[in-house]
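Data block below; observations after.
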Amino acid sequence: YPIIQALAQGLDIRLNQRVTKIARQFNGVTVTTEDGTSYSADACIITVPLGVLKANIIKFEPELPSWKSSAIADLGVGIENKIAMHFDTVFWPNVEVLGMVGPTPKACGYFL
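Using the UniProt record's numbering, the first residue of the sequence shown is number 1, and each one after it goes up by one.
This is the structure:
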């Protein structure tokens, strides 16, 4: 991932840290992890699954605005399976997306 590595050059990126609290102050942010370690920075980027936000595992200070909390609560989570297939020859029409109609509205699929 050369582009990502170039963009991240010089940044202190921490992966696989279980965050318990994110506190925003007037001059930056403090992130606290499960083991009690605190990191201070000008800003932080949070990339957690929706389920983590829905479970309120991370305490935000100040609390998230009600419109954000409501949006998180209203979003659904589910399971999606991805399968990559390779064919020797193209047998489908020249289109961007192929779709499939399932027996129920929730049983549909899309192919890119």
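Where a beta carbon is used, it is the ideal one built from N, C-alpha and C, also for glycine.
Outcome for residue i when other beta-carbon atoms lying within 10 angstroms are tallied against a minimum of 16
i, result
"V77", "exposed"
"L7", "exposed"
"L53", "buried"
Residue i to residue j span [Cα, whole Å]
i, j, result
"P103", "N94", "26 Å"
"R14", "F26", "23 Å"
"V19", "I46", "10 Å"
"Q9", "A43", "16 Å"
"D88", "K82", "20 Å"
"A55", "L64", "14 Å"
"A23", "T30", "5 Å"
"V90", "G36", "55 Å"
"Q17", "W92", "44 Å"
"I57", "K68", "16 Å"
For residue i, the residue or residues it bridges with in DSSP
i, result
"I57", "DSSP lists no partner for I57."
Next item on the list: For the UniProt domain "Amine oxidase" (3-96), list the beta strand (DSSP E) runs that are entirely contained and at least 3 residues long, ordered along the chain.
Entry: 19-25, 28-33, 38-41, 59-61
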